[in-house]
Amino acid sequence: MAADFYKQIASNKKKTYLLFLAFFLMIGVMAYVFSLVIELFYGIGFVFIFSIFGILTIVFAIVSYYKSDKIVTAVSGAKEAKYGQYKQLHNIVEELCIASGLPKPKIFVINDSAINAFATGRDPNHAVVCVTTGCLTRLTRAQLQGVIAHELSHIQNYDVRTMTIATVLVGMAILMSDMIIRMFWFGGFRGSSNNKGGAQIAIVIVVAIVAAIMTPIVANLIKLSISRKREFMADASAIKMTRNPEGLATALEAISKDTELLEAANKATAHLYISNPLKGRKIMFKGMFSTHPPLDLRIKALRGQL
Amino acid sequence: MDLLTMVIIAVVVILILAILVMMFNGLVVLQKRVDNAWAQIDVQLKRRADLIPNLIETVKGYAKFEKKVLTEVTKARTAMMNAKTPAKAARAENMLTSALKSVFAVAEAYPKLQASENFKALQEELATTENKIAFSRQFYNDSAMEWNTKISVIPTNIVASLAGMKKEREYFQVAEPEKKNVKVDMSDL
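These protein sequence lines map, in sequence, to chains A and B. Counting in the working numbering, the first sequence runs from 210 upward without gaps. Counting in the working numbering, the second sequence runs from 92 upward without gaps.
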């Protein structure tokens, strides 16, 4: 039944937790391998440098998290939507804020005929919702309501925070594997005080290299999988707000038929939009590397047909 | 008992107390939210009542527009403003909703009225007001459900009964007559 959005929300929340658990486990394993390698090659100094890089990554992530609303709107060329000019848009946002109990976010508009929308901001009190002019002219009121409900759900579910944490973890994983590869490339055996057998050293080296190469890929796959679960969850939460699955379902149908490409989007901001704006570009293994689930799957889930 | 055991017991007791306090606070927040949600419904109802005079004015200008329909709307609005009991208010509110629907149904026969920017803006205002009324009722029901659930599940139900927070909130009910299809009366046109 389309009405089991509660179940869908709960199941996607659970999947997010499991994916983050996998993330932490993976990082833990990496860190362990890392420490073995350090013990073999270098002294304690490298851990110090690693911590510095780790702290820098986190600082950068925090800054971008707190400024996300300003950064993203500047990058996308969005302009604030004045009430007088965009009454219906403001009305719809207000209606959904009443339905969800959220405070009213800032509303921006991008001048583009493609149908797309995004939401950003670190928490509901500092949130921004942005739609394209394409949305306003090409969607019916019910469809527009569904799209905005989806965006407000991202804010309500703290998805920007979730994805920022995921990005930081990916960054850390990449850092670690990068350092390991560098150490093998530039370093040499400085010998160690422990008398480890040659075979043991060889095994550690092989495991370390394989882990170092695989980690960035696996970390990214986990992050993208988290992103897709959050998209499903935002769809389900949107239905909880509007209690009208057809609104969002038909909007997604309209988007899937839309051949226009959103010019303002690029790889860095793609994950924030309601539908993958990079759909036209050629990507290998599209499913696994996509920030969004396929549109037809989302439509089926909304109609309770999955 | 040695010092370590005492410290452990103290920490455990403090943790339990902290958890109990957090649960109590959570219940208080939910209770306030339900109260607020209930009050907000009236805010939206008043907003709609305030919009009615505008509608009458905009539509009156089109001289041939059916007087009877407009009178119905005015009567319904007055009844709502004067309603003394919740039951009377609910009945008056139903009357107002069906009267408004009649106005828009009749307006379909007047293309000039339909095309006027004022009328279109008013339609949007009324549409969004109806939506806001519906959504505020929905939010009240959602909050009531959260509250009813929280005071019933373990372990919060223990804290709830200790604090005397046992009263479940009723869901917003639709009166039986309103559940039947609203008949738009066009017999005197």
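Note that the Cβ used here is the ideal one computed from N, Cα and C, for glycine as well. These figures come from a predicted structure and were not determined experimentally.
Checklist entry - By the 10 Å Cβ neighbour count, where 16 or more other Cβ atoms means buried, how is lysine 449 of chain A classified, buried or exposed? => result Along the first sequence, read from residue 1 onward, the residue named residue 449 of chain A stands at position 240. It counts as buried.
Next on the checklist: Under 8 Å, Cβ to Cβ, is there at least one residue of chain B near leucine 515 of chain A?
Outcome noted: Residue mapping note: residue 515 of chain A aligns to position 306 of the first sequence, counting from 1. Chain B, which has no Cβ nearer than 8 Å to the Cβ of leucine 515 of chain A, makes this no.
Next on the checklist: Below 8 Å on the Cβ atoms is my contact criterion, and I expect methionine 171 of chain B with glutamate 184 of chain B to pass it. Report the Cβ-Cβ distance as a whole number of Å.
Outcome noted: For the purposes of this step, residue 171 of chain B is taken as residue 80 along the second sequence, with counting starting at 1. For the purposes of this step, residue 184 of chain B is taken as residue 93 along the second sequence, with counting starting at 1. About 6 Å separates the beta carbon of methionine 171 of chain B from that of glutamate 184 of chain B, a gap short enough to meet the 8 Å contact definition.
Next on the checklist: Counting only beta-carbon separations shorter than 8 Å, does serine 227 of chain B have a partner in chain A?
Outcome noted: For the purposes of this step, residue 227 of chain B is taken as residue 136 along the second sequence, with counting starting at 1. With its beta carbon less than 8 Å from one in chain A, serine 227 of chain B belongs to the interface.
Item to check | Residue closest to isoleucine 245 of chain B, alpha-carbon to alpha-carbon, out of B:Val98, B:Leu118 and B:Val103 | outcome: Here residue 245 of chain B refers to the residue found at position 154 when the second sequence is read from its first residue. Closest by alpha carbon: B:Leu118.
Checklist entry - Are the C-beta of asparagine 185 of chain B and some C-beta of chain A separated by less than 8 Å? => result One-based indexing of the second sequence puts residue 185 of chain B at position 94. So no, asparagine 185 of chain B is outside the interface.
Checklist entry - Thinking C-alpha only, which one of A:Lys313, A:Ala463 and A:Ala428 is nearest alanine 351 of chain A? => result As a position in the first sequence, residue 351 of chain A is number 142, starting the count at 1. Comparing Cα positions, the closest option is A:Ala463.
Checklist entry - Does DSSP classify alanine 336 of chain A as helix, strand or coil? => result Reading the first sequence from its first residue, position 127 is the one you call residue 336 of chain A. Here alanine 336 of chain A sits in coil by DSSP.
Checklist entry - beta strand (DSSP E) containing lysine 315 of chain A: first to last residue? => result The residue given as residue 315 of chain A occupies position 106 in the first sequence. Residues 315–319.
Item to check | Stretch pair the region 122–139 of chain B + the region 232–239 of chain B: three plus CB contacts closer than 8 Å | outcome: yes
Next on the checklist: Using 8 Å for Cβ pairs, my map puts glutamine 365 of chain A next to threonine 451 of chain A. What's the rounded Cβ distance?
Outcome noted: Taking the first sequence and counting its residues from 1, the one referred to as residue 365 of chain A is at position 156. Taking the first sequence and counting its residues from 1, the one referred to as residue 451 of chain A is at position 242. Not a contact, Cβ separation roughly 13 Å.
Item to check | Any 3 or more C-beta pairs closer than 8 Å across the region 427–436 of chain A and the region 232–239 of chain A | outcome: yes
Item to check | Contact set between alanine 308 of chain A and chain B, taken where Cβ atoms lie within less than 7 Å | outcome: In the first sequence, counting from the first residue as 1, residue 308 of chain A sits at position 99. Under the 7 Å cutoff, chain B gives Phe226, Gln229 and Phe230.
Next on the checklist: Between which two residues does the alpha helix (DSSP H) holding threonine 329 of chain A run?
Outcome noted: Taking the first residue of the first sequence as position 1, residue 329 of chain A is located at position 120. Taken as a continuous stretch (DSSP letters only), threonine 329 of chain A belongs to no alpha helix (DSSP H), being part of the beta strand (DSSP E) at 326–329.
Item to check | Segment limits, alpha helix (DSSP H) that includes proline 177 of chain B | outcome: For the purposes of this step, residue 177 of chain B is identified with residue 86 of the second sequence, where counting begins at 1. Run containing proline 177 of chain B: 177–198, per the alpha helix (DSSP H) assignment.
Checklist entry - Do three or more CB pairs link the region 296–304 of chain A to the region 327–337 of chain A at distances below 8 Å? => result no
Checklist entry - Would you report the Cα separation of methionine 497 of chain A and lysine 438 of chain A, rounded to the nearest angstrom? => result The count along the first sequence starts at 1 and reaches residue 497 of chain A at position 288. The count along the first sequence starts at 1 and reaches residue 438 of chain A at position 229. So the alpha carbons of these two residues sit roughly 12 Å apart.
Checklist entry - Three-state secondary structure (DSSP) at threonine 342 of chain A? => result Working through the first sequence from its first residue, we reach residue 342 of chain A at position 133. Residue state, collapsed to three classes: helix.
Checklist entry - On the three-state DSSP scale, how would you describe glutamate 261 of chain B? => result The residue given as residue 261 of chain B occupies position 170 in the second sequence. The answer is coil: DSSP assigns glutamate 261 of chain B none of H, G, I, E or B.
Next on the checklist: Assuming the contact rule is C-beta atoms closer than 8 Å, isoleucine 319 of chain A and glycine 286 of chain A should be a hit. Round their C-beta distance to whole Å, please.
Outcome noted: Working through the first sequence from its first residue, we reach residue 319 of chain A at position 110. Working through the first sequence from its first residue, we reach residue 286 of chain A at position 77. Between isoleucine 319 of chain A and glycine 286 of chain A a beta carbon distance of about 6 Å is seen, short of the 8 Å cut, so the two are scored as contacting.
Checklist entry - Can you tell which of A:Phe232, A:Asn453 and A:Ser446 has its C-alpha closest to the C-alpha of leucine 311 of chain A? => result Within the first sequence, numbered from 1, the residue matching residue 311 of chain A stands at position 102. Of the candidates A:Phe232, A:Asn453 and A:Ser446, the one whose C-alpha sits nearest the C-alpha of leucine 311 of chain A is A:Ser446.
Next on the checklist: Alpha carbons only, please: which of A:Asp505, A:Ala375, A:Ala443 and A:Val369 is nearest the one belonging to asparagine 221 of chain A?
Outcome noted: By one-based count along the first sequence, residue 221 of chain A stands at place 12. Answer by Cα proximity: A:Ala443.
Checklist entry - If you check the beta carbons only, do isoleucine 324 of chain A and cysteine 344 of chain A fall under 8 Å apart? => result By one-based count along the first sequence, residue 324 of chain A stands at place 115. By one-based count along the first sequence, residue 344 of chain A stands at place 135. Contact: yes.
Checklist entry - Under a CB-based cut-off of 8 Å, is glutamate 455 of chain A close to chain B? => result Numbered from its first residue, the first sequence carries residue 455 of chain A at position 246. Output row for glutamate 455 of chain A: interface = no.
Item to check | Contact residues within the region 197–229 of chain B, judged by C-beta distance below 7 Å to chain A | outcome: Glu215, Thr219, Asn222, Lys223, Phe226, Ser227 and Gln229
Checklist entry - Quick one: is glutamine 131 of chain B buried, meaning 16 or more other Cβ sit within 10 Å of its Cβ, or exposed? => result Position 40 of the second sequence, counted from the start, is the residue given in the question as residue 131 of chain B. Per the 10 Å Cβ criterion, buried.
Checklist entry - For lysine 211 of chain B, which three-state DSSP category applies? => result Counting from 1 along the second sequence, the entry for residue 211 of chain B is found at position 120. Looking at lysine 211 of chain B - three-state DSSP - the assignment turns out to be helix.
Checklist entry - Mapping DSSP to helix, strand and coil, what is tyrosine 215 of chain A? => result Here residue 215 of chain A corresponds to residue number 6 of the first sequence, with the count starting at 1. Note: tyrosine 215 of chain A maps to helix in three-state DSSP.
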